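Written below as structure tokens is the structure these notes are about.
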Amino acid sequence: MITTLSTLLWFISQHPLLTFFAAMVLAGLVSWWRRFPGYAIVVFPLAMLNIFLGSFLNATFLNAVGERGEAVIVKAEETNSTLNEQYIWRYEAVLRTAEGRDVEVVFHTNTASLWPLENAIRIPAQDQPFVVKYTPGFPRNFVILTNESPHGIAQARASARARVEVAARKLHFSPGNADFRADYRRELESWLRDHGNDPQQQSDAQRYRAELDAL
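Going by full-length UniProt numbering, the sequence shown opens with residue 1, and the numbers climb by one from there.
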């Protein structure tokens with residue numbers, strides 16, 4: 001059952017336009033056969049939603065039921081297609097299952113399943129191993145766990161550090177601004193709570209603790 005559902009979700013997330021037209025044709029035929037247009041009326045918005053949210057649904061499913069594995073991108077090439085005025089990339093990767101089996105997979109920027117869900121596409125760099133979840137019966141369907149992969153961890157660190165530095169610059173420009181001081185304190189406390197025990201960021205942690213004590 002899980003393998004069948006995984007295969008279906010993989011197809012509709014990897015081929016959203018084909019799924020849309022196939023669903024509309026099927027709904028039209030059923031509506032004509034049943035002499036009731038309600039099928040097409042119901043299917044149309046669902047098929048439209050799949051174009052934009054299919055990969056989100058697939059990612060949620062895989063994160064809930066998938067098995068952990070590791071993968072690495074072995075080839076990345078730019079295509080002629082675009083998404084939000086950015087070129088779509090095609091990736092070839094090798095996924096290693098928990099049993100040690102290697103599976104060759106292909107995915108694109110616009111069809112990649114990523115967890116956690118966010119309004120950003122963070123694809124790991126070529127030759128950089130990353131953590132995935134997949135269904136054992138159909139390992140071609142997998143989700144990239146961005147926050148557990150080196151690429152995602154580095155981006156999360158940089159993003160958190162940037163928020164602290166922005167708040168620091170505001171306070172530096174206007175030291176007497178109470179709101180800026182409160183924002184800086186909040187960002188420092190947030191960073192120390194989330195990253196203060198990270199062995200890779202102890203120099204920043206010491207500096208931020210000193211600045212928090214000085215406020």
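Backbone N, C-alpha and C fix where the C-beta goes; we use that ideal spot for every residue, glycine too.
All figures in this text were calculated on a predicted structure; none of them were measured in a lab.
Check the Cα spacing between Leu114 and each of Ser149, Ser81, Asn84 and Ile51: the tightest is with Ser149.
Phe130 places its beta carbon less than 9 Å from that of Ala71.
Distance from Pro139 to Val103 at the Cβ level is roughly 5 Å; contact confirmed, criterion being Cβ atoms closer than 8 Å. Note on the segment 142-206: whole alpha helix (DSSP H) runs with a minimum of 4 residues are 150-173 and 178-195, in chain order. Relative to Ala64, the option among Ile144, Phe36, Arg163 and Asn80 whose CA is nearest is Ile144. Contact annotation: Asn58 and Ser81 have beta-carbon atoms that are not nearer than 9 Å. Residue environment analysis places Ser6 among the buried positions, since at least 16 neighbouring C-beta atoms fall within 10 angstroms of its C-beta.
Our two residues, Gln202 and Gly69, have alpha carbons roughly 30 Å apart in a direct line.
Take Ala167, set aside five residues on each side of it, and the residues of its chain with a beta-carbon closer than 6 Å to its own are Asp183, Tyr184 and Glu187, in chain order. Spanning the alpha carbons of Pro175 and Ser190 requires a straight line of approximately 21 Å.
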